[in-house]
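In my numbering, the protein residues as written are 13 to 235.
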């Protein structure tokens with residue numbers, strides 16, 4: 013989806029103002045609570061990271077850029093909770109539960125339990141079963157497809173149409189572009205290296221490189 017959430021940024025929305033090391037982890041108490049709540053509920057099997065990203069990127073660009081980061085999380089969580097029936101619009105608006113418990117939701121866990129579960133999830137292999145043979149091998153030249161998808165995508169606009177080289181292979185992985193829309197599709201996943209000078213003409217002569225993890229449907233033969 014060609015929205016403001018495109019990785020690599022968009023021109024025309026003012027320069028980014030970096031902050032110093034004195035930036036606090038949380039600017040207020042509610043931000044810490046939002047972080048903790050999101051960390052806790054993402055252990056549920058129904059949580060899909062790509063769908064969470066897609067929900068955020070549906071925001072209008074000007075509002076997206078003006079909202080604090082964790083305020084975006086709040087809005088995305090509220091939309092997802094209502095969508096799966098965990099909360100009603102009225103409950104979100106009032107901040108008060110009506111007392112009922114959605115089916116399939118486990119009892120609350122301690123902070124220690126949440127940390128343990130998240131650590132175990134991080135250790136699990138994410139490769140998907142399947143017989144998809146990778147089309148490309150290490151060293152192959154490819155081109156990022158020049159497409160304008162209408163849904164969520166992990167293919168940044170700034171690399172589309174540009175050449176790259178396969179430098180890593182990660183097996184067959186769930187395709188984020190499909191998972192965001194509740195579709196179960198898996199494809200070979202690669203790390204592709206792009207020359208920065210190929211992506212941005214003003215960086216001609218620069219030896220810096222950009223590495224992106226991209227799925228097979230994001231790529232085409234580069235000759």
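Heads up, the beta-carbon is just placed ideally off N, CA and C, and yes, glycines get one too. From a predicted model like this one, the values you see are computed outputs, not experimental measurements.
Start and end residues, beta strand (DSSP E) containing residue 203: Segment 198–207, the beta strand (DSSP E) holding residue 203.
message: Going by beta-carbon coordinates alone, are residue 277 and residue 199 separated by less than 8 angstroms?
response: The structure shown has nothing for residue 277, since the chain only spans 13 to 235.
message: Rounded to whole angstroms, what is the Cα-Cα separation between residue 137 and residue 186?
response: Bear in mind that the predicted position of residue 137 carries a pLDDT of just 48, short of 50, making it unreliable; the figure below should be weighed with that in mind. Using only the alpha carbons, I get a separation of about 12 angstroms.
- request: In angstroms with no decimal places, state the Cα-to-Cα distance between residue 229 and residue 207.
  value: Cα atoms of residue 229 and residue 207: separation of roughly 21 angstroms, rounded to the nearest angstrom.
- request: Measure from the alpha carbon of residue 11 to the alpha carbon of each residue in 204, 210, 193, 211, then state which is nearest.
  value: Missing from the structure shown is residue 11; the chain here goes from 13 to 235 and no further.
field: Selection from 225, 65, 219 that minimises the alpha carbon distance to residue 204
entry: That would be 225, whose Cα lies nearest to the Cα of residue 204.
message: Measuring only the C-alpha atoms, how far is residue 39 from residue 153?
response: Between residue 39 and residue 153, the C-alpha separation is close to 45 angstroms.
- prompt: So what does residue 153 bridge to, in DSSP terms?
  reply: Residue 153 is bridged to 177.
- prompt: Helix, strand or coil: which one does DSSP assign to residue 23?
  reply: DSSP places residue 23 outside both helix and strand once states are collapsed to three, so it counts as coil.
- request: Let me know the secondary structure DSSP gives residue 85 once reduced to three states.
  value: Helix at residue 85.
field: Neighbour-count burial assignment, residue 167, 16 or more Cβ in a 10 Å radius
entry: By the neighbour-count rule (16 or more Cβ atoms within 10 Å), residue 167 is buried.
message: For residue 109, which residues in the same chain have their Cβ closer than 7 angstroms to its Cβ, ignoring the five residues on either side in sequence?
response: Cβ neighbours of residue 109 within its own chain (closer than 7 angstroms, five residues either side excluded): 103.
message: Considering just the uninterrupted stretch of the alpha helix (DSSP H) at residue 238, what are its terminal residues?
response: Shown here, the chain extends from 13 to 235; a query on residue 238 therefore has no answer.
message: For residue 65 and residue 164, which I take to be in contact (beta-carbon distance under 8 angstroms), what is that distance rounded to the nearest angstrom?
response: Beta-carbon to beta-carbon, residue 65 and residue 164 are separated by about 7 angstroms, close enough to satisfy the 8 angstroms threshold.
query: Is residue 155 closer than 8 angstroms to residue 173 when the C-beta atoms are compared?
result: In contact: residue 173 and residue 155 (Cβ atoms closer than 8 angstroms).
message: If you reduce the DSSP assignment to three classes, tell me which class residue 137 lands in.
response: Residue confidence is low: residue 137 scores 48 on pLDDT, short of 50, so the model does not pin down where it sits. Its coordinate-derived value is still stated next. Note: residue 137 maps to coil in three-state DSSP.
- request: Give a yes or no on whether the C-beta atoms belonging to residue 210 and residue 175 are separated by under 8 angstroms.
  value: In this structure, residue 175 lies closer than 8 angstroms to residue 210 by Cβ.
- prompt: Taking the C-alpha atoms as reference points, what is the distance between residue 93 and residue 119?
  reply: Spanning the alpha carbons of residue 93 and residue 119 requires a straight line of approximately 17 angstroms.
message: Given this structure, state the Cα-to-Cα distance separating residue 189 from residue 115, to the nearest angstrom.
response: Taking the CA atoms as reference points, residue 189 sits about 28 angstroms from residue 115.
field: Opening and closing residue of the beta strand (DSSP E) in which residue 224 lies
entry: Start and end: 221–227.
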